Structures are given as structure tokens and as C-alpha cells.
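S.K.: In UniProt numbering, the protein residues as written are 1 to 288.
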Amino acid sequence: MNRNNVLERHLLTRCYSSEARIEELLSTRYSITGDQRPSLLLMPTGQDVENNKTKALLHQERPKTSDEAHKTKKYNTRIELKNYIKNTLNNQQKVIKKIQAYNRLSKQNGKKKPFPILKLLEHYSIPMYEEFIPISNLWQDYMQNLLFPSANNKLPSLISILPKLSSADYHGCLLTVLKSTNRLLVGVRGIVVWDTQHSFILCVPRTKDSKEWNENKEDFTPSEQIGGLKIIPKKGCLFGFDVILPSNEGEEDEDECMGFTVIGSRFEFRSVDRSGKKFKNHNVDDIL
1 MNRNNVLERH LLTRCYSSEA RIEELLSTRY SITGDQRPSL LLMPTGQDVE
51 NNKTKALLHQ ERPKTSDEAH KTKKYNTRIE LKNYIKNTLN NQQKVIKKIQ
101 AYNRLSKQNG KKKPFPILKL LEHYSIPMYE EFIPISNLWQ DYMQNLLFPS
151 ANNKLPSLIS ILPKLSSADY HGCLLTVLKS TNRLLVGVRG IVVWDTQHSF
201 ILCVPRTKDS KEWNENKEDF TPSEQIGGLK IIPKKGCLFG FDVILPSNEG
251 EEDEDECMGF TVIGSRFEFR SVDRSGKKFK NHNVDDIL
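(1) When the Cα atoms are used, what is the spatial distance from threonine 72 to phenylalanine 148?
(2) Name the two residues that bound the continuous alpha helix (DSSP H) containing leucine 7.
(3) Unbroken beta strand (DSSP E) runs of length 3 or more, entirely within the stretch 147-188: which are they?
(4) Can you tell me whether glutamine 92 is buried or exposed? The criterion is at least 16 other CB atoms within 10 Å of its CB, across all chains shown.
(5) Classify arginine 274 as buried or exposed, calling it buried when 16 or more other Cβ atoms lie within 10 Å of its own Cβ.
(6) Going by other Cβ atoms of all chains shown within 10 Å of its Cβ, with 16 needed for buried, is phenylalanine 139 buried or exposed?
(7) What number of angstroms, rounded off, separates the C-alpha of glycine 259 from the C-alpha of isoleucine 96?
(8) Mind checking glutamine 176: buried by the 16 CB within 10 Å criterion, or exposed?
(9) Assuming isoleucine 201 and glycine 172 form a contact by the criterion Cβ under 8 Å, report the distance between their Cβ atoms to the nearest whole angstrom.
(10) Among the residues of its own chain, which have a CB less than 7 Å from the CB of glutamine 197, if the five just before and after it don't count?
(11) Can proline 233 and glutamine 100 be called in contact, C-beta distance under 7 Å?
(12) Cβ atoms of glycine 236 and arginine 206: under 7 Å apart, would you say?
(13) My understanding is that lysine 230 touches lysine 217, with C-beta atoms under 8 Å, so please give their C-beta distance in whole angstroms.
(14) Here's the rule: buried if 16 or more other CB atoms are within 10 angstroms of the residue's CB, otherwise exposed. What is serine 180?
(15) At the level of alpha carbons, what is the spacing between isoleucine 135 and asparagine 145?
(16) Closest to tyrosine 129 by C-alpha separation, out of Ile159, Asp242, Glu224, would be which residue?
(17) Just verifying my parser: in three-state terms, what is the DSSP assignment at isoleucine 85?
(18) Distance check for serine 265 and isoleucine 117, CA to CA, integer angstroms please.
(19) When the Cα atoms are used, what is the spatial distance from methionine 1 to arginine 29?
(20) Am I right that glycine 187 and lysine 164 are in contact with their C-beta atoms under 8 Å? What's the rounded C-beta distance?
(21) Assuming phenylalanine 132 contacts valine 193 (C-beta within less than 8 Å), just tell me the rounded distance between them.
(22) Where does glycine 227 fall in DSSP's three states?
(23) What is the rounded straight-line gap between the Cα of arginine 189 and the Cα of phenylalanine 241?
(24) Give a yes or no on whether 7 Å exceeds the smallest Cβ distance from isoleucine 244 to chain B.
(25) On the CB-based measure, 16 or more other CB atoms within 10 Å of its CB, does proline 156 come out buried or exposed?
Have a look at this one:
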């Protein structure tokens with residue numbers, strides 16, 4: 001490059017009167033290490049810089065694959081279900097406290113007016129047992145196809161039925177607590193809403209249908225009046241359920257059922273993990 005550029009020298013003479021200063025500026029004009037080394041300053045525009053750190057091109061976020069999107073969706077669904085169950089249980093406690101307060105006032109005033117429990121159940125969005133009956137009917141069809149695949153009336157042997165029961169899905173099953181270390185849980189029945197690793201979350205019926213021996217009962221506890229969700233631990237409980245035999249479907253007589261008993265402590269697995277587990281036949285000393 002020509003250091004004696006006439007145009008640059010002419011412009012510098014407008015600013016400096018010393019010829020030595022002009023020569024110095026021209027000599028360092030295109031130097032990399034001089035005072036006038038060229039530089040380019042860039043400012044971020046558009047996207048915000050997260051945590052004052054720029055991301056390299058190789059570390060930019062890539063679009064999620066179908067497997068990652070499925071895992072994220074499954075995780076979010078599980079979180080939403082947990083939040084729904086937690087909020088529902090809290091709302092049930094609120095309704096129970098309102099019923100208890102109403103009962104105390106009724107005893108003091110000596111007035112017995114019907115408590116508007118249905119309005120409160122609708123206001124707090126408490127799930128009703130009747131809403132899950134169609135799911136229970138679907139579960140009966142599922143178990144009939146699983147346990148009795150043959151079209152004839154001959155029932156399969158228990159040796160072939162028991163392995164299928166251990167790997168079956170119990171969402172929608174109508175369970176009844178037959179025995180329990182907690183006496184308050186004996187007789188509780190309801191439809192399985194969620195089969196967790198250590199508990200069954202049931203939607204239990206209200207009043208007379210809450211337990212088998214409540215048919216002739218008139219006074220019910222606040223918990224029996226609202227029904228809703230109930231968490232039953234698997235450990236220390238024996239559960240019973242019935243499967244309608246397919247041979248008697250469509251008849252006017254009452255359907256014939258086959259009853260089964262589930263040891264809760266042996267079902268302390270997730271439904272997905274239980275399907276691949278092999279249960280061995282051995283003596284059980286710690287049923288309850």
C-alpha cells in the first residue's frame with residue numbers, strides 16, 4: 001500500500017501542522033500493533049444473552065426428537081396427575097371441616113337442616129364414584145379377554161390364570177379391602193384411579209355404598225358422606241375383586257363372578273415393572 005497517499009496526507013494537514021506528526025500517523029496507520037490498529041466492536045442484538053454468557057454454535061439447542069418429546073410429555077402428565085390428586089384431597093378436607101362445623105352448630109341450636117353437600121362437592125370438583133363406573137365396565141371386558149380367551153364355556157385352570165393376574169393392569173378395577181392392619185380401612189371399596197408403587201388410589205362411593213355393611217346405616221361420617229379419592233397403602237392389606245364370567249353375559253339372571261384375592265405387599269411394584277416380574281410360589285408369613 002502506498003504510504004505517501006496524497007488524499008490522506010492532505011486530510012491530515014487540515015488537523016496537524018507538524019510534518020513529523022503526519023509522517024508518524026501515516027506510518028502507523030495500517031499497523032497491527034500500533035495505536036491505530038483496526039478494531040471492530042459488535043453489540044448483541046435480537047435475542048437476550050442468558051446469564052451474560054454466549055452460546056457457541058456447536059452447543060445451540062437442537063430440536064427434540066420424538067423419544068425426548070414423549071418422555072417430556074409423560075413427565076408433565078405425571079406431574080399434572082399428582083397435582084390433581086393433591087388438590088382434590090385438600091378440597092375433601094375442606095368439605096369435611098365444613099360438615100364437622102355444621103354438625104357442631106346443629107347440636108348447639110337443636111336444628112337439623114339438610115346440609116348442602118352436593119353443592120359443595122360440585123363447587124370443589126370432588127370426583128364422583130358414578131363417573132368411573134364406565135371405566136370399571138371396560139376393565140371387566142379387559143379381564144374377561146385376558147383370563148378367558150377361549151369362546152367355549154370351559155374355564156381355564158388356575159395355573160394359567162394366576163400369572164396373568166400378576167401382570168394385569170388394575171386401573172378401573174373395583175377393589176375391596178378384606179383385611180388390613182389398619183381397622184379403619186377394612187371394608188373400604190372403590191374403583192382404582194391410579195395404581196402407584198406403594199398404594200392404590202381409589203374413587204370410593206358415598207354413604208350406604210361406601211362399605212358393604214353400611215346398607216342399613218343412617219348416620220355416616222363426614223368422610224363417608226363425600227366419597228371422592230382415597231389412598232390405600234398396599235403394605236399390610238388384602239384386596240379382593242370379582243371378575244364376571246363371560247359365559248353368563250346377556251342372561252337375565254345375576255352375573256356369576258369369580259373372586260380373587262391380592263396380597264398388597266407382593267404388589268408393591270409399578271404396573272409397568274410388575275408385568276415383567278416373575279412371582280414364585282412359596283410360603284408367606286408376613287401377609288399382615
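We treat Cβ as the ideally placed atom computed from N, Cα and C, and that holds for glycine. Here the structure is a predicted model, which is why all the values come from computation and not from measurement.
M.R.: Result, derived from the coordinates:
(1) CA-CA distance, threonine 72 to phenylalanine 148, rounds to 37 Å.
(2) Here the alpha helix (DSSP H) through leucine 7 covers 6-15.
(3) 174-180
(4) buried
(5) buried
(6) Going by the sequence as given, residue 139 is tryptophan instead of phenylalanine. Its Cβ being crowded by 16 or more others within 10 Å, tryptophan 139 is buried.
(7) 34 Å
(8) Checking the displayed sequence, the identity of residue 176 turns out to be threonine instead of glutamine. The residue is buried, with at least 16 neighbouring Cβ atoms inside 10 Å.
(9) That pair is no contact at about 12 Å.
(10) So the list reads Glu268, Phe269, Arg270, once near-sequence residues are dropped.
(11) no
(12) no
(13) Contact doesn't hold; Cβ gap of about 18 Å is too wide.
(14) buried
(15) 16 Å
(16) Glu224
(17) helix
(18) 36 Å
(19) Low per-residue confidence applies at methionine 1: pLDDT is 49, beneath 50, and the placement is therefore not dependable, though the value from the model is reported in the following sentence. Those two C-alpha atoms are separated by around 11 Å.
(20) Not a contact, Cβ separation roughly 28 Å.
(21) Contact holds; Cβ gap of about 7 Å.
(22) coil
(23) 10 Å
(24) In the structure shown, chain B cannot be found, because there is only a single protein chain.
(25) Under this definition proline 156 is an exposed residue.
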